[in-house]
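So the structure is just underneath, and the comments pick up after that.
Number of protein chains: 2
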Amino acid sequence: MSRAAVSKVIRNAYGVSPQMRERVEAAIAKLGYRPSVAARALRGSSYRLGLEIPHVSARFMGQIVDGAKRALWGTPYQLVLAPADGPEYGTIESLADGLVDGLIAVSPLVDAAWLEDLARRVPVVMLGRHDSPTGYDTVVGDDVAGARAAMQHLLDLGHCRIAHVTEGEAVTAPRSGTPHQIRLDMYRACMVEAGHADFVQVARRGPASDGAGRATADLLRQPNPPTAIFAAHDDIALDVLAAVAESGRRGEVSVVGYDNTDLAAHPLIDLTTVDQEGVEMGAQAATMLIERLQGRTERREYVATTSLRIRSSTTPPRGTGSGPARAGSLKSAER
Amino acid sequence: MSRAAVSKVIRNAYGVSPQMRERVEAAIAKLGYRPSVAARALRGSSYRLGLEIPHVSARFMGQIVDGAKRALWGTPYQLVLAPADGPEYGTIESLADGLVDGLIAVSPLVDAAWLEDLARRVPVVMLGRHDSPTGYDTVVGDDVAGARAAMQHLLDLGHCRIAHVTEGEAVTAPRSGTPHQIRLDMYRACMVEAGHADFVQVARRGPASDGAGRATADLLRQPNPPTAIFAAHDDIALDVLAAVAESGRRGEVSVVGYDNTDLAAHPLIDLTTVDQEGVEMGAQAATMLIERLQGRTERREYVATTSLRIRSSTTPPRGTGSGPARAGSLKSAER
DNA sequence: ATGAAAGCGCTAACAA
DNA sequence: TTGTTAGCGCTTTCAT
Chain A
56 MSRAAVSKVI RNAYGVSPQM RERVEAAIAK LGYRPSVAAR ALRGSSYRLG LEIPHVSARF
116 MGQIVDGAKR ALWGTPYQLV LAPADGPEYG TIESLADGLV DGLIAVSPLV DAAWLEDLAR
176 RVPVVMLGRH DSPTGYDTVV GDDVAGARAA MQHLLDLGHC RIAHVTEGEA VTAPRSGTPH
236 QIRLDMYRAC MVEAGHADFV QVARRGPASD GAGRATADLL RQPNPPTAIF AAHDDIALDV
296 LAAVAESGRR GEVSVVGYDN TDLAAHPLID LTTVDQEGVE MGAQAATMLI ERLQGRTERR
356 EYVATTSLRI RSSTTPPRGT GSGPARAGSL KSAER
Chain B
56 MSRAAVSKVI RNAYGVSPQM RERVEAAIAK LGYRPSVAAR ALRGSSYRLG LEIPHVSARF
116 MGQIVDGAKR ALWGTPYQLV LAPADGPEYG TIESLADGLV DGLIAVSPLV DAAWLEDLAR
176 RVPVVMLGRH DSPTGYDTVV GDDVAGARAA MQHLLDLGHC RIAHVTEGEA VTAPRSGTPH
236 QIRLDMYRAC MVEAGHADFV QVARRGPASD GAGRATADLL RQPNPPTAIF AAHDDIALDV
296 LAAVAESGRR GEVSVVGYDN TDLAAHPLID LTTVDQEGVE MGAQAATMLI ERLQGRTERR
356 EYVATTSLRI RSSTTPPRGT GSGPARAGSL KSAER
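Next comes the structure, spelled out in structure tokens:
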């Protein structure tokens with residue numbers, strides 16, 4: 056039989072008789088034949104979708120991957136992950152260079168123009184970008200609402216001295232539009248709005264090794280330390296909780312995270328956090344990508360809704376006498 | 056200029072003059088040219104190495120990935136991850152079908168003969184297999200020593216009623232040689248050796264959703280519940296700790312995990328666990344794979360050494376008076 | 001040192 | 001319905 060016949064059988068293409076199909080399938084089974092992805096990709100599509108996953112906030116990525124897998128279930132597409140931890144250009148290109156039919160990336164820092172170029176070569180969905188591109192789709196959380204909810208919660212509890220612990224300067228660069236920049240801005244705005252502008256304190260996580268532990272420890276060692284900390288994401292929040300525990304003040308400093316990572320619900324952690332539908336974000340991204348592959352060209356954007364999950368890591372401040380703090384102490388006695 | 060020239064420049068091959076190289080490089084930069092991985096793979100190698108990562112014990116996989124990345128640093132190889140959660144045959148094949156030059160997989164359950172076949176097509180390194188293959192390399196922890204160390208620690212503390220919480224039956228099938236089967240066997244052997252054969256109790260984690268929480272809760276609800284639990288890996292241990300905390304007996308049931316996941320060191324978790332050099336395992340696997348690609352054909356095996364990390368999740372049993380429990384109490388006073 | 005050309009395994013358009 | 005054939009973009013051998 057001819058290769059064309061085999062090709063048609065494999066692709067379920069039109070124009071092949073039942074008995075031919077049977078013969079081909081028998082041969083495939085007997086020879087253990089497997090089509091070469093490389094050759095396929097060269098001629099058409101590889102049926103692989105790439106997902107670039109930055110090391111930062113690794114736990115949140117688990118949700119994204121789960122969602123993408125769910126969305127791809129039953130489709131002919133396979134998910135391929137590429138871990139990145141530096142500037143993501145290289146990793147993204149290594150995916151785009153013919154390995155995959157389309158890609159999802161989480162790279163708030165790469166240049167928008169560069170992405171538009173990339174998107175002309177291969178369909179792209181970007182996660183966590185608040186820009187308004189023309190050539191690619193975006194899936195993003197409502198960071199304004201999420202950060203505001205977190206801050207409002209702490210303020211409602213009666214906290215005044217609230218610090219923010221976030222990623223390095225690069226990730227929050229002033230007009231970059233990254234989720235972390237927006238969370239930081241909202242933190243500042245809420246503090247100002249609540250009349251605590253004088254206590255605005257931002258700490259940043261250091262080089263990967265020590266995480267946000269040192270930065271938090273420094274915050275706590277001050278004469279007038281924060282009574283609450285808003286962490287830019289759950290992984291940082293974990294470091295913050297660790298630093299608080301190690302400083303011997305477990306339970307005395309409220310901590311809010313972001314992402315509602317699986318660990319946040321663990322009773323030994325029990326972290327108040329902002330849920331932004333990570334799984335749904337992953338699923339939407341994969342779905343959008345497939346739509347692009349099927350021919351859609353107009354831009355789409357999915358904005359995930361956020362909701363605050365209140366757990367025991369946030370309590371009213373230990374009252375030292377001021378109005379709201381006093382109210383807080385009462386509440387804390389009820390626990 | 057000819058494509059041959061370009062090809063040579065890209066591959067740093069022999070036979071190209073400096074001025075030609077310069078011209079080519081200028082053209083590459085100007086056109087933003089990127090070689091197609093697919094075409095390359097078709098003709099020779101893709102310079103991609105695949106790593107199949109099962110969803111189970113996800114946190115341990117982080118170490119493996121980190122190690123593999125470290126080993127690949129500075130080589131021309133890129134790491135590509137393929138998430139799997141069911142029977143891994145499909146995922147492995149989807150990698151092997153021309154996408155990658157070689158692959159690392161963590162699939163204790165796939166058939167050895169099938170793997171030998173696979174290894175004839177593409178270089179393979181398997182993680183966590185205690186078999187003695189001819190065509191592929193293995194990287195494995197010393198599960199006998201690791202499990203024994205964990206059990207010995209609990210017995211030394213004075214525990215008699217020790218339960219084991221592990222994965223589903225499939226993963227511990229009697230003569231399968233999986234790490235979890237060996238840990239289970241060692242658990243049983245140590246219990247018998249210590250004269251506690253009558254208390255051997257094995258619980259298993261249910262379908263992914265509830266984890267090992269239910270199984271643990273059932274254990275604890277018994278009239279004569281265990282005073283210590285040996286969990287087959289840290290992710291299960293986390294579920295166990297959660298169930299213990301939720302049963303209101305935080306700190307009363309000792310828990311040992313396995314893998315020394317990053318979370319085990321968190322002060323709010325502080326889990327005693329068996330370290331098996333996960334990062335080193337990943338690095339060794341990647342290194343072995345590269346050696347294979349460079350022509351090695353004889354089999355290699357790397358056995359990671361284990362070491363017990365004692366933390367506060369294990370304490371002597373709350374003494375109800377028996378000999379060993381009393382001894383344990385003394386030790387605990389030293390803490 | 002350079003270029004021409006064959007062919008990797010597949011798909012798609014066309015011929016039989 | 002089937003088989004033939006022309007490339008996809010690269011590497012590699014062989015002439016020049």
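These protein sequences, in sequence, are chains A and B. Under our numbering, the first residue of the first sequence is numbered 56, with each subsequent residue one higher. Under our numbering, the first residue of the second sequence is numbered 56, with each subsequent residue one higher. The beta carbon of each residue, even a glycine, is placed where N, CA and C say it ideally should be.
Contact between residue 93/B and residue 344/A fails: their C-beta atoms lie close to 19 Å from each other, not under 8 Å. Only 293, 296, 297, 300, 301 from the segment 291-307 of chain B bring a Cβ to less than 7 Å from some Cβ of chain A.
Contact between residue 333/A and residue 74/A does not hold, since their C-beta atoms are separated by about 50 Å, which reaches or exceeds 8 Å. Cβ-Cβ separation between residue 157/B and residue 348/B: approximately 6 Å, consistent with a contact (criterion under 8 Å). In chain order, 290 place their CB closer than 8 Å to the CB of residue 113/B, counting only its own chain and leaving out the 5 sequence neighbours on each side. Within the model, the alpha-carbon separation for residue 360/B versus residue 218/A is close to 43 Å. If you look at residue 119/A, you'll find it in the alpha helix (DSSP H) that goes 113-127.
Residues of the same chain with a CB within less than 8 Å of the CB of residue 155/A, apart from the 5 flanking positions on each side, are 101, 103, 104, 105, 135, 177 in chain order.
Cβ atoms of residue 216/B and residue 315/B stay farther apart than 8 Å, at about 25 Å. Taking 8 Å as the threshold, the shortest C-beta distance from residue 124/A to chain B falls below it. Put simply, of 70/A, 339/A, 238/A, 71/A the residue whose alpha carbon is nearest the alpha carbon of residue 194/A is 339/A. Within the same chain, 139, 161 come within 6 Å of residue 109/A by CB-CB distance, once the 5 residues on both sides are set aside. Rounded to the nearest angstrom, the gap between the Cα atoms of residue 355/B and residue 196/B is 14 Å. Going by beta carbons, residue 151/A and residue 127/A fall outside the 8 Å limit. Secondary structure note for residue 331/A: it is in no alpha helix (DSSP H), with a DSSP letter that is neither H nor E. In the DSSP secondary-structure assignment, residue 241/A is not bridged to any residue. Across the segment 261-290 of chain A, no CB contact with chain B closer than 9 Å is found for any residue.
Listed in chain order, the positions of the segment 120-149 of chain B with a beta carbon within less than 7 Å of a beta carbon of chain A are 120, 124, 133, 134, 135, 136, 137, 138, 148, 149.
The beta carbon of residue 324/A falls within 8 Å of a beta carbon belonging to chain B, placing the residue at that interface. Residue 101/A carries a coil assignment under DSSP once its states are collapsed to helix, strand and coil. Within the segment 147-173 of chain B, those residues whose Cβ lies closer than 9 Å to any Cβ of chain A are, in chain order, 148, 149, 150, 151, 152, 153, 154, 172.
Taking C-beta separations shorter than 7 Å and ignoring five residues to either side along the sequence, the partners of residue 255/B in its chain run 243, 246, following chain order. Collapsing the DSSP output to three states places residue 284/B in a strand. At least 8 Å separates the CB of residue 348/B from every CB of chain A. Nearest C-alpha to residue 192/A among 146/A, 337/A, 182/A: 182/A.
Annotated three-state conformation of residue 324/B is coil, per DSSP. Listed by position along chain B, the residues whose Cβ is nearer than 9 Å to that of residue 90/A are 152, 153.
Interface annotation, residue 101/B: in contact with chain A, CB-CB separation under 8 Å. Across the segment 331-344 of chain A, no CB contact with chain B closer than 8 Å is found for any residue. For residue 182/A, the nearest beta carbon of chain B is not closer than 8 Å to its own beta carbon. Inter-residue distance for residue 211/B and residue 205/B is about 10 Å (C-alpha atoms, whole angstroms). At a cut-off of 8 Å between beta carbons, residue 94/B contacts chain A. Contact of residue 312/A with chain B is not assigned, every C-beta pair being separated by 8 Å or more. For the C-beta of residue 113/A, the chain B residues within less than 9 Å are, from N- to C-terminus, 117. Among the residues facing chain B, residue 212/A is not included, as its CB has no counterpart in that chain under 8 Å away. Here the C-alpha atom of residue 130/B lies approximately 49 Å from the C-alpha atom of residue 207/A.
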